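Novice: Once you know that position 388 of the sequence shown is 388 in UniProt numbering, the rest is easy, because the numbers rise by one and skip nothing. Just passing along the structure, written as structure tokens.
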Amino acid sequence: MSDPGSNPRIFLSTVVPRPNQQRLVMAVMLASVVVFVAVLPFAQWQLAQVWGFIPVYESAVIINDLVTAAMLVGQFTLLRSPGLLALSSGYFFTATVATVHMLSFPGLFSATGLLNAGPQTTAWLYMFWHGGFPLSLIAYALLQQSERTRHIRLRHAVAPVLWAACVIFFLTCGVTALATHPTLLPAIMRGHGYTGAMSTTIGIVGMLNLLAAAILWRHRGHSLLNLWCAVVAVTSVFEVALSAMFNHGRFDLGFYAGRAYGLVASSFVLVALIIEHARLYAMLVKALDNESAARARALEKTQQLNEANEHLEQRVKDRTAQLSVTNGELRQEITERKRAEHALERSREELRELATISSRAREEERRRLSRELHDEIAQSLAALKVDMQMLEQKLDATNKPVADRLSSMQQAVDDMIGATRRLASDLRPSMLDDLGLVPACRWLVESFQRRHRIRCELTIAPEHFELPEPFASTVYRVLQECLANVARHANASVVQVLLVYEAPTVQLSVRDDGIGFDPSHPRKDLSFGLVGLRERAYLVRGSLSIDSSPETGTLIELTIPQTMTPATEAPTPAPDARPKVI
Numbered sequence: 001m002s003d004p005g006s007n008p009r010i011f012l013s014t015v016v017p018r019p020n021q022q023r024l025v026m027a028v029m030l031a032s033v034v035v036f037v038a039v040l041p042f043a044q045w046q047l048a049q050v051w052g053f054i055p056v057y058e059s060a061v062i063i064n065d066l067v068t069a070a071m072l073v074g075q076f077t078l079l080r081s082p083g084l085l086a087l088s089s090g091y092f093f094t095a096t097v098a099t100v101h102m103l104s105f106p107g108l109f110s111a112t113g114l115l116n117a118g119p120q121t122t123a124w125l126y127m128f129w130h131g132g133f134p135l136s137l138i139a140y141a142l143l144q145q146s147e148r149t150r151h152i153r154l155r156h157a158v159a160p161v162l163w164a165a166c167v168i169f170f171l172t173c174g175v176t177a178l179a180t181h182p183t184l185l186p187a188i189m190r191g192h193g194y195t196g197a198m199s200t201t202i203g204i205v206g207m208l209n210l211l212a213a214a215i216l217w218r219h220r221g222h223s224l225l226n227l228w229c230a231v232v233a234v235t236s237v238f239e240v241a242l243s244a245m246f247n248h249g250r251f252d253l254g255f256y257a258g259r260a261y262g263l264v265a266s267s268f269v270l271v272a273l274i275i276e277h278a279r280l281y282a283m284l285v286k287a288l289d290n291e292s293a294a295r296a297r298a299l300e301k302t303q304q305l306n307e308a309n310e311h312l313e314q315r316v317k318d319r320t321a322q323l324s325v326t327n328g329e330l331r332q333e334i335t336e337r338k339r340a341e342h343a344l345e346r347s348r349e350e351l352r353e354l355a356t357i358s359s360r361a362r363e364e365e366r367r368r369l370s371r372e373l374h375d376e377i378a379q380s381l382a383a384l385k386v387d388m389q390m391l392e393q394k395l396d397a398t399n400k401p402v403a404d405r406l407s408s409m410q411q412a413v414d415d416m417i418g419a420t421r422r423l424a425s426d427l428r429p430s431m432l433d434d435l436g437l438v439p440a441c442r443w444l445v446e447s448f449q450r451r452h453r454i455r456c457e458l459t460i461a462p463e464h465f466e467l468p469e470p471f472a473s474t475v476y477r478v479l480q481e482c483l484a485n486v487a488r489h490a491n492a493s494v495v496q497v498l499l500v501y502e503a504p505t506v507q508l509s510v511r512d513d514g515i516g517f518d519p520s521h522p523r524k525d526l527s528f529g530l531v532g533l534r535e536r537a538y539l540v541r542g543s544l545s546i547d548s549s550p551e552t553g554t555l556i557e558l559t560i561p562q563t564m565t566p567a568t569e570a571p572t573p574a575p576d577a578r579p580k581v582i
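Structure (structure tokens):
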């Protein structure tokens, strides 16, 4: 069986109260309030002096408190919680002080009481009794809820309990000596009645109980024990109020009713603990029954396993012979699979070559279309614009409608020229063919900054180098797609582009400070773009990595291994190869 302390949720001090338990506690509190309100107007009714009531009442309280303290100590030995030790010490303190209070009560065992008691002794012991217990409740609540102490588990149980018992014993002796001294404390009793100092003293005691109730009620949802301790504190307030504040003196209705409240208050936690122990005992019996049933099932399963083991051994012998035959078949299958894998690898190489040829053809077609747009359509539009300007100059100033129409047509031609220029650049920038990769990348970054108003930092090392096709087109297209993704999705303010050539490898990295994304769950509008980037890298036997997370930006790195010699200086294009400016 497991250690009971390994499942602390079964104890009263740690189990979270259920709604029906909270309703029960509220009902008990409400009943206490109703009885208190009903008795309060008659608290000063003088009743018969029943001397036997005192020893019966206090004996019951002492027994209740001692049993409660012992049961709490039992839980402490399992949970090693400092709060439980403080609470059990409080109950032990009330039991010892109640014992001294009963022995010193005047007229019970002697005219003035035992233990050298004076006329004020029992009253002050009553105050120490009902003022000391709420302090233990407060200590329990604070120790249970403190971040430092609620997870503390004392290593030993016996030593703390003995130390607590010694402290309570000496504390009881101290308050007894203080209460029996005739001059150290002010008089709060005059015969069977009270003096003016009683109001102040009882007010302090009541405030301590209210404070304890408030602290415990604030943390009522943490454990069922907190709830019942709060009920004890509230009931103690009613006890003190009836027996020492609103009554006239000893042996009136308030005197008897208050002590009845005290007896009930001492029983709440005890009854809850008894119910808890009964529940735990039922759980123990059920666990033992389950363990016996599990042992019987285990024995039955063991016998079944032995029989199955014998059967399996025979089957293993049979299977071993079959496996010898199967191994030969598997070796043949492995050989065929390796042959198929080699064929698949060759097919992949052929597909890569085919995709490379397709990519080159696509780039060539882009280059041709870009040249046609730039050299034919754009130039024709420019000539058309010049003709329209000449026509506008020849118009008579009185022909304003035609002039306005020509002006709007010129604006439309300007828009068409700009659109043609952008389309030609997107298809294949002539600068990439005429000047090379480095100037084309610089132009692309500058165009990105102008168009999107996003600061872009470009670093190229070395400053001038050349790449053959298809490497140059791949680097340019990857950079173009990365910047387009930044403009569309990243919401960035700064982009850092690094292009490095270290023979025989060229590396491109694009980093932004945008919103980022989760690469394992890409957005739908980004998924095809990322696939395209990886496909471009694959076609030139390169690798592409994406490092991004929400709110941290994105880093895309392209690495292409190839054998090239960097140029010593920038390439100088031929005069007829310079791009035309529209």
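Heads up, the beta-carbon is just placed ideally off N, CA and C, and yes, glycines get one too. Note that the structure is predicted; figures quoted are calculated from it, not measured.
(1) Note the first and the last residue of the continuous alpha helix (DSSP H) segment covering ASP65.
(2) Could you pull the start and end residues of the beta strand (DSSP E) that ALA461 belongs to?
(3) Can you name the start and end residues of the alpha helix (DSSP H) that VAL28 belongs to?
(4) Look up ASP252 in the DSSP assignment and say whether it is helix, strand or coil.
(5) Exposed or buried, what is TYR281 when buried is set at 16 or more other beta-carbons lying within 10 Å of its beta-carbon?
(6) According to DSSP, is PRO550 helix, strand or coil?
(7) Exposed or buried, ASN20, counting other C-beta atoms within 10 Å across all chains shown (16 or more means buried)?
(8) Let's see if you can read the secondary structure: which residues bound the beta strand (DSSP E) around LEU498?
(9) Could you round the C-beta distance between GLN75 and LEU66 to whole angstroms and report it? I think they count as a contact, below 8 Å.
(10) Can you grab the Cα-Cα spacing for the pair PRO182 / MET283, in whole Å?
(11) In the DSSP assignment, the beta strand (DSSP E) including LEU114 goes from what residue to what residue?
(12) In the DSSP output, what is GLN507 paired with across the bridge?
(13) May I ask you to list the residues that DSSP assigns as paired with ASP512?
(14) From what residue to what residue does the alpha helix (DSSP H) around GLY174 run?
(15) What would DSSP say about GLN46, mapped onto helix, strand or coil?
(16) Measuring alpha carbon to alpha carbon, tell me which of HIS219, PRO504 and TYR126 ends up nearest SER104.
(17) Rounded to the nearest angstrom, what separates LEU555 and VAL494 at their Cα positions?
(18) Given PHE246, which residues of its chain have a CB within under 7 Å of its CB, disregarding the five upstream and five downstream residues?
(19) What did DSSP end up calling MET245 once you bin it into helix, strand or coil?
(20) For the alpha helix (DSSP H) containing ALA123, name the first residue and the last one.
(21) Would you call the CB atoms of LEU499 and ALA461 closer than 9 Å?
(22) Contact between the stretch 173-182 and the stretch 122-136: three or more CB pairs below 8 Å?
(23) When the Cβ atoms of the stretch 223-242 are set against those of the stretch 257-273, are three or more pairs found closer than 8 Å?
(24) Locate the alpha helix (DSSP H) running through THR200, then write down its first and last residues.
(25) What do you get for MET189, buried or exposed, if any count of 16 or more other CB atoms within 10 angstroms of its CB means buried?
(26) Closer than 8 Å to a non-hydrogen atom of the ligand SAM - does that hold for the CB of ALA38?
(27) Would you mind stating whether ALA212 and ALA244 have Cβ atoms separated by less than 9 Å?
(28) Sort SER473, ALA487 and ASP433 by Cα distance to ARG455 and report the nearest one.
(29) Taking the alpha helix (DSSP H) that THR96 belongs to, which residues open and close that run?
(30) Does the distance from the C-beta atom of TYR476 to that of ALA440 stay below 9 Å?
(31) In terms of alpha-carbon separation, which member of ILE560, ALA27, VAL37 and ALA159 lies closest to ARG80?
(32) Quick one: give me the first and last residue of the alpha helix (DSSP H) that HIS452 is part of.
(33) In this structure, does DSSP put LEU184 in helix, strand or coil?
(34) Would PHE465 and LEU508 be called neighbours here (beta carbons separated by less than 9 Å)?
(35) Let me check understanding here. Comparing Cα to Cα, which of PHE109, MET198, ALA403 and LEU72 lies closest to ALA241?
(36) What is the C-beta distance between SER545 and GLU557, in whole angstroms, given that I count them as a contact (C-beta under 8 Å)?
Specialist: Let me lay it out:
(1) Element bounds for ASP65: 53-79.
(2) Counting along the chain, the beta strand (DSSP E) containing ALA461 begins and ends at 455-461.
(3) 19-39 is the span of the alpha helix (DSSP H), which, as asked, contains VAL28.
(4) Strand at ASP252.
(5) With fewer than 16 other Cβ atoms inside 10 Å of its own Cβ, TYR281 counts as exposed.
(6) In the three-state scheme derived from DSSP, where H, G and I count as helix and E and B as strand, PRO550 is classed as coil.
(7) Answer is exposed; the Cβ neighbour count stays below 16.
(8) Counting along the chain, LEU498 sits inside the beta strand (DSSP E) bounded by residues 494-502.
(9) With a Cβ gap of about 15 Å, GLN75 and LEU66 do not count as contacting.
(10) Going from the Cα of PRO182 to the Cα of MET283 covers about 55 Å.
(11) It is not in any beta strand (DSSP E) - LEU114 carries neither H nor E in the DSSP assignment.
(12) Residue pairing for GLN507: DSSP places it in a beta bridge opposite VAL500 and THR559.
(13) The secondary-structure analysis by DSSP pairs ASP512 across a beta bridge with VAL495 and THR554.
(14) For GLY174, the uninterrupted alpha helix (DSSP H) run begins and ends at 158-180, by DSSP.
(15) Strand, per DSSP.
(16) It is TYR126.
(17) For the pair LEU555 and VAL494, the Cα-to-Cα distance works out to about 12 Å.
(18) Within the same chain, and ignoring the five residues on either side of PHE246 in sequence, the residues whose Cβ sits closer than 7 Å to its Cβ are LEU40, ALA43 and GLY254.
(19) Under the three-state reduction of DSSP, MET245 is assigned to coil, being neither helix nor strand.
(20) Where ALA123 is concerned, the enclosing alpha helix (DSSP H) stretches over 121-145.
(21) At the C-beta level, LEU499 and ALA461 come within 9 Å of one another.
(22) By the Cβ test, the stretch 173-182 is in contact with the stretch 122-136, since at least three Cβ pairs between them sit closer than 8 Å.
(23) Contact holds between the stretch 223-242 and the stretch 257-273, because three or more Cβ pairs, one in each stretch, are under 8 Å apart.
(24) THR200 -> alpha helix (DSSP H) spans 197-218.
(25) Buried.
(26) Looking at this structure, you won't find the ligand SAM or any other ligand, since it has none at all.
(27) No.
(28) The option with the nearest alpha carbon to ARG455 is ALA487.
(29) Taken as a continuous stretch (DSSP letters only), the alpha helix (DSSP H) holding THR96 covers 82-104.
(30) By the CB criterion at 9 Å, TYR476 and ALA440 fall inside the cutoff.
(31) If we check each option's Cα against that of ARG80, ALA159 comes out closest.
(32) Run containing HIS452: 437-452, per the alpha helix (DSSP H) assignment.
(33) Annotated three-state conformation of LEU184 is coil, per DSSP.
(34) Using a Cβ distance threshold of 9 Å, PHE465 and LEU508 do not count as a contacting pair.
(35) Per the Cα distances, MET198.
(36) Between the beta-carbon of SER545 and that of GLU557 there is about 5 Å, and that keeps the pair under the 8 Å contact cut.
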